[in-house]
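Everything in the sequence shown is counted per this note's numbering, starting at 12 for the first residue and increasing by one. We put the beta carbon where it would ideally sit given N, CA and C, even for glycine.
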Amino acid sequence: MKVSIIGGGGRVGSQAAFALQCGGIVREIALIDANADMAAGEALDLLHGSALAGDQRIYAADIQGAADSDLICMTAGLRRKPDESRLALINRNVSLYKSILDSLRTISLKRHCIFLVVSNPVDVLTRLHMEYLGWPARQVLGLGTVLDTTRFRSLIAHAGNWPPTQVDALILGEHGDAMTPIWSSATVAGMPLAKLLAPRQQAEIFRQTQTAGAQVIKLKGGAGYAVGLGIAQVIQAIALDRRLILPVSSPLTGQYGLQKVCLSLPAVLGRGGVEAVLEPDLWPKEIAGIQAGARALEETWDKISGK
Ligand SMILES: NC(=O)c1ccc[n+]([C@@H]2O[C@H](COP(=O)([O-])OP(=O)(O)OC[C@H]3O[C@@H](n4cnc5c(N)ncnc54)[C@H](O)[C@@H]3O)[C@@H](O)[C@H]2O)c1
């Protein structure tokens, strides 16, 4: 599989490339970035380790290099200026994103190419990507709450001193303020976490999950390793047609009474992209949280699409 990462010279894109290199599943990784030197430097650094990592082709390229990709991962983005509002940043990122989509129209894209949107606001850009490029819904997915879910599971394990890989718990809905913790099905080694953790502990773990992104930005400028692993998990699930069920962002088709809005529910991932979006039985307050996220996303969508 050939994977191109647009924004591959940045923190998230290069960490995703490293996770893909360590995973050893994809055959070819192209790093594309407006900052060509950064893309070239990251590609060279990765290439230097390839004798110890795996038999992959890793290189920097311009946008033409994304031609014939099986999967294109979008991590290009702008950072917030001091005193800039959230909506102003969203508008700048939407313009940037549209300009990248325009440049993608100029190259030869495989019909089965899958797009993984990581740039924020990820749920809004996933919908924009699909509608603006007119690409099939199943072939455009957002990273959604994959990172939030990973953080949630890891933080639960840390709090209870349990093995992180044996914690099974989800964050669903919006990748943002309205993200929703799903305690109804959360388990460690099959034991319900709603019974093992007191409500106060649950609230504290969720608070840490919700503020994790801001905390990492404050301490080191931005997230990298965990999001890179999350991106690699999604890409490798698709590459291997594993039919893993992951909380990626995808347009809803009636789940919990919601239509069109892109947000994260458990979705089956295979070689064709999103094979199905599931609607698990949840507690009423969890469904209400997902619906609140949908309302927030619809409001942003109306603002950016000029309705
Ligand atoms: N969905 C998630 O879970 C998640 C998690 C972390 C970060 N993010 C988002 O990922 C994005 C990237 O974050 P980062 O920390 O890597 O930022 P960064 O600034 O380190 O990297 C962004 C890169 O995009 C490049 N870029 C800008 N315009 C471009 C263009 N037109 N074409 C190609 N490349 C271009 C920049 O040169 C830069 O290298 C941001 O939008 C961030 O909010 C999403």
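Distance CB(residue i)-CB(residue j) smaller than 9 Å
{"i": "residue 107", "j": "residue 88", "result": "yes"}
{"i": "residue 23", "j": "residue 37", "result": "no"}
{"i": "residue 20", "j": "residue 56", "result": "no"}
{"i": "residue 162", "j": "residue 182", "result": "yes"}
{"i": "residue 281", "j": "residue 147", "result": "no"}
{"i": "residue 236", "j": "residue 26", "result": "yes"}
{"i": "residue 34", "j": "residue 243", "result": "yes"}
{"i": "residue 9", "j": "residue 223", "result": "Because the chain in this structure spans residues 12 to 318, residue 9 falls outside the shown range and cannot be described."}
{"i": "residue 259", "j": "residue 136", "result": "no"}
{"i": "residue 251", "j": "residue 30", "result": "no"}
{"i": "residue 247", "j": "residue 253", "result": "yes"}
{"i": "residue 227", "j": "residue 234", "result": "yes"}
Residue from the options whose Cα sits closest to the Cα of residue i
{"i": "residue 100", "options": "191, 80, 172 and 130", "result": "130"}
{"i": "residue 115", "options": "104, 263, 286 and 143", "result": "143"}
{"i": "residue 83", "options": "46, 118, 188 and 299", "result": "118"}
{"i": "residue 138", "options": "171, 184, 215 and 262", "result": "262"}
{"i": "residue 79", "options": "178, 174, 39 and 60", "result": "39"}
{"i": "residue 177", "options": "187, 231, 188 and 165", "result": "165"}
{"i": "residue 124", "options": "81, 96 and 112", "result": "81"}
{"i": "residue 270", "options": "305, 249 and 286", "result": "305"}
{"i": "residue 52", "options": "72, 272, 95 and 226", "result": "72"}
{"i": "residue 275", "options": "314, 232 and 302", "result": "302"}
{"i": "residue 215", "options": "175, 104 and 171", "result": "171"}
{"i": "residue 149", "options": "296, 286 and 307", "result": "286"}
{"i": "residue 273", "options": "180, 134, 156 and 229", "result": "134"}
{"i": "residue 61", "options": "28, 245 and 49", "result": "28"}
{"i": "residue 249", "options": "126, 168 and 230", "result": "126"}
{"i": "residue 319", "options": "190, 188 and 202", "result": "The question about residue 319 has no answer, for the chain in this structure spans 12 to 318."}
{"i": "residue 186", "options": "179, 121, 180 and 156", "result": "156"}
{"i": "residue 297", "options": "221, 288, 189 and 226", "result": "189"}
{"i": "residue 213", "options": "288, 175, 180 and 121", "result": "180"}
{"i": "residue 74", "options": "266, 229 and 120", "result": "120"}
Proximity test, residue i beta-carbon vs ligand 1 heavy atom, cut-off 8 Å
{"i": "residue 49", "result": "yes"}
{"i": "residue 104", "result": "yes"}
{"i": "residue 315", "result": "no"}
{"i": "residue 21", "result": "yes"}
{"i": "residue 17", "result": "yes"}
{"i": "residue 234", "result": "yes"}
{"i": "residue 155", "result": "yes"}
{"i": "residue 241", "result": "yes"}
{"i": "residue 253", "result": "no"}
{"i": "residue 79", "result": "no"}
{"i": "residue 125", "result": "no"}
{"i": "residue 110", "result": "yes"}
{"i": "residue 94", "result": "no"}
{"i": "residue 56", "result": "no"}
{"i": "residue 186", "result": "yes"}
{"i": "residue 44", "result": "yes"}
Boundaries (first-last residue) of the alpha helix (DSSP H) holding residue i
{"i": "residue 210", "result": "210-221"}
Pairwise C-alpha distance: residue j and residue i
{"i": "residue 152", "j": "residue 85", "result": "10 Å"}
{"i": "residue 1", "j": "residue 207", "result": "Absent from the model: residue 1. The displayed extent of the chain is 12 to 318, so no value can be given."}
{"i": "residue 192", "j": "residue 113", "result": "36 Å"}
{"i": "residue 268", "j": "residue 46", "result": "43 Å"}
{"i": "residue 205", "j": "residue 195", "result": "7 Å"}
{"i": "residue 184", "j": "residue 257", "result": "12 Å"}
{"i": "residue 264", "j": "residue 110", "result": "28 Å"}
{"i": "residue 299", "j": "residue 311", "result": "19 Å"}
{"i": "residue 290", "j": "residue 279", "result": "12 Å"}
{"i": "residue 219", "j": "residue 309", "result": "26 Å"}
{"i": "residue 315", "j": "residue 128", "result": "17 Å"}
{"i": "residue 58", "j": "residue 292", "result": "46 Å"}
{"i": "residue 63", "j": "residue 12", "result": "20 Å"}
{"i": "residue 173", "j": "residue 313", "result": "43 Å"}
{"i": "residue 209", "j": "residue 217", "result": "12 Å"}
{"i": "residue 238", "j": "residue 317", "result": "31 Å"}
{"i": "residue 295", "j": "residue 70", "result": "49 Å"}
{"i": "residue 94", "j": "residue 66", "result": "46 Å"}
{"i": "residue 140", "j": "residue 49", "result": "25 Å"}
{"i": "residue 307", "j": "residue 98", "result": "12 Å"}
{"i": "residue 54", "j": "residue 68", "result": "10 Å"}
{"i": "residue 122", "j": "residue 266", "result": "28 Å"}
{"i": "residue 225", "j": "residue 145", "result": "33 Å"}
{"i": "residue 221", "j": "residue 103", "result": "24 Å"}
Element boundaries [beta strand (DSSP E), containing residue i]
{"i": "residue 192", "result": "191-199"}
{"i": "residue 68", "result": "68-72"}
{"i": "residue 39", "result": "39-43"}
{"i": "residue 270", "result": "270-275"}
{"i": "residue 179", "result": "178-183"}
beta-carbon residue i near ligand 3 non-hydrogen atom, thresh 8 Å
{"i": "residue 131", "result": "Ligands displayed in this structure: ligand 1; ligand 3 is not among them."}
Contact with chain B by residue i, beta-carbon distance below 9 Å
{"i": "residue 30", "result": "This model lacks chain B altogether; it includes just one protein chain."}
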